[in-house]
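Encoded as structure tokens, the structure appears first; notes follow it.
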Amino acid sequence: MIELEGVPELVDPVMVAAFEGWNDAGDAASTAVAHLDREWKGEVFAALDAEDYYDFQVNRPTVWLDGGVRKITWPTTRLSVVRVGGEKPRDLVLVRGIEPSMRWRSFCNELLGFAHELGVELVVILGALLGDTPHTRPVPVSGVTSDPDLARTMDLEETKYEGPTGIVGILQEACTHAGVPAVSLWAAVPHYVSQPPNPKATLALLNRLEDLIDMRIPLGELPEDARAWQLGVDQLAAEDSEVAEYVQTLEEARDTAELPEASGEAIAREFERYLRRRDGGGPGSPPGSHATESGDPASYLRDGPGGRVRPPKPQRPEATDEATEDDTSDSSDSSEGDVSGASGATGSSGTKGTSRSSEASASETSDASDASDSESSGSESSGSAGSGSGSGSGSGSSDSGSSDSSED
């Protein structure tokens with residue numbers, strides 16, 4: 050039995066989890082949880098035993114100096130609590146770690162033990178995958194669940210994904226079997242610019258999380274960082290005619306898919322978010338904060354001191370009709386999201402490891418689009434668009450471009 054000493058009684062707690070590795074393209078999901086922990090000054094109260102779940106030849110420990118004393122940081126998963134006040138107080142339990150190398154069932158059971166002891170009412174797992182989505186358009190974020198009742202009440206898609214999965218899919222199913230409501234939010238990251246960080250995808254995940262739990266999240270400098278990131282990618286794409294032409298193809302497919310979506314829930318959701326930020330209602334950045342063009346546009350695309358990295362040239366779709374169909378289908382079916390086709394992104398710190406899954410089709414055009422009930426036609430492929438290095442490497446498999454569906 051898990052004993053939690055020193056943790057206060059929480060108010061309507063929600064557990065928000067993200068894991069580096071296969072389910073974290075562009076480090077978007079793990080960065081989102083790190084942002085919440087930093088903005089709300091989370092207090093770590095537990096860490097899982099690294100020896101139980103990690104292969105240290107895959108996820109290596111790091112050595113660092115603390116006042117001249119050498120110390121070791123072991124790869125693990127940590128839990129912290131953030132207490133959020135305001136008109137509607139609601140506390141968060143943040144879970145941030147690396148996808149485990151072994152004993153996944155025990156890993157999930159241990160996390161569920163903490164959730165039970167803390168009275169967690171909802172588990173939200175964040176993920177990111179690589180897909181055929183243009184960087185110039187809003188980041189598609191799909192919300193999926195295995196619970197039909199939860200899908201109806203929270204306007205989510207019920208996952209129908211079949212195929213290889215990662216820890217995000219395993220944890221969601223463990224929650225379902227344990228009777229704990231669980232939702233996965235998946236952001237689609239452009240596969241042709243997969244290097245982390247991707248502040249635009251992180252921002253999209255936080256906006257969707259804000260809508261889901263009805264809580265204002267302080268964004269800090271993220272909107273500005275996202276704008277600078279997009280300007281940097283614009284500059285790199287302009288330097289390569291093939292990439293620029295491919296981006297234009299993705300834009301046309303995306304715009305065509307979104308024409309019927311120009312009204313309705315998507316616009317209503319954006320308007321509600323605007324009103325929430327205008328009226329305040331919680332700690333964080335001042336209402337009305339918005340993205341600016343300040344900052345070094347290319348700073349988010351640098352790979353260490355070596356300068357900018359040109360995005361890899363994407364392979365063109367073999368069949369135009371097939372590619373268009375992939376881009377127009379919603380991520381509903383592509384829900385399970387632990388995408389087996391996403392190529393890993395390499396962080397400059399060398400700790401993030403092979404990202405990621407593109408089990409989600411490039412079809413994830415927007416979280417509001419009508420869901421297609423069939424799995425996307427995009428094929429999952431192995432192969433690496435970016436290999437992870439250092440302590441945080443994921444499963445070691447990576448995906449190209451788009452894949453069939455995002456699992457939850």
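Using my numbering, the first residue of the sequence shown is number 50, and each one after it goes up by one. Where is the CB? At the ideal position from N, CA and C, for every residue including glycine. The structure displayed is predicted, hence computed values, not measured ones.
Tell me the rounded alpha-carbon separation between residue i and residue j.
i	j	result
A302	G162	45 Å
P213	E69	17 Å
P149	Y103	5 Å
T225	L254	22 Å
S243	G75	5 Å
A67	E170	17 Å
A83	E206	26 Å
P197	A227	15 Å
G168	G116	40 Å
E58	E300	48 Å
V65	A286	34 Å
P62	G218	22 Å
S79	D274	16 Å
V282	T305	23 Å
L258	T194	14 Å
R87	V130	11 Å
Under a three-way DSSP split, which group does residue i fall into?
i	result
K120	strand
S233	strand
D73	strand
G146	strand
L268	coil
E207	strand
V107	coil
R303	helix
S290	helix
G134	coil
V282	helix
S129	strand
Use the C-beta contact count for residue i: other C-beta atoms within 10 angstroms, 16 or more gives buried, fewer gives exposed.
i	result
E279	The amino acid occupying residue 279 in the given sequence is Gln; Glu does not appear at that position. By the 10 Å Cβ count, Q279 comes out buried.
H184	buried
E159	buried
F156	buried
R60	Checking the sequence shown, residue 60 turns out to be Val, not Arg. Flag for V60 reads exposed.
A81	buried
M151	exposed
Q221	buried
V173	buried
R154	exposed
L85	buried
G55	exposed
K209	buried
V190	buried
G134	exposed
V112	exposed
R119	exposed
P110	exposed
At a cut-off of 7 Å, would you count residue i as near the ligand ATP, judging by its Cβ distance to the nearest heavy atom?
i	result
A286	The ligand ATP is not among the ligands present in this structure, which contains no ligands whatsoever.
Can you tell me where the beta strand (DSSP E) holding residue i begins and where it ends?
i	result
G192	V190 to T194
A96	E92 to A96
A250	Not the beta strand (DSSP E): A250 falls in the alpha helix (DSSP H), residues P248 to I262.
G176	L171 to G180
Considering residue i, what are the terminal residues of the alpha helix (DSSP H) in which it resides?
i	result
W113	It is not in any alpha helix (DSSP H) - W113 instead sits in the beta strand (DSSP E) that spans T111 to D115.
A200	P197 to T202
G218	I216 to H226
H165	W153 to L167
Would you please verify whether the beta carbon of residue i is less than 8 Å from any beta carbon of chain D?
i	result
G218	Within the model displayed, chain D is absent; a lone protein chain is all it includes.
(message) Within 8 Å, do at least three Cβ pairs link the stretch 94-106 to the stretch 123-141?
(response) yes
(message) Quick check: the stretch 268-276 against the stretch 292-301, are at least 3 beta-carbon pairs closer than 8 Å?
(response) no
(request) Decide yes or no for the touch test of the stretch 139-146 against the stretch 195-202: beta carbon pairs closer than 8 Å, at least 3 of them. (result) no
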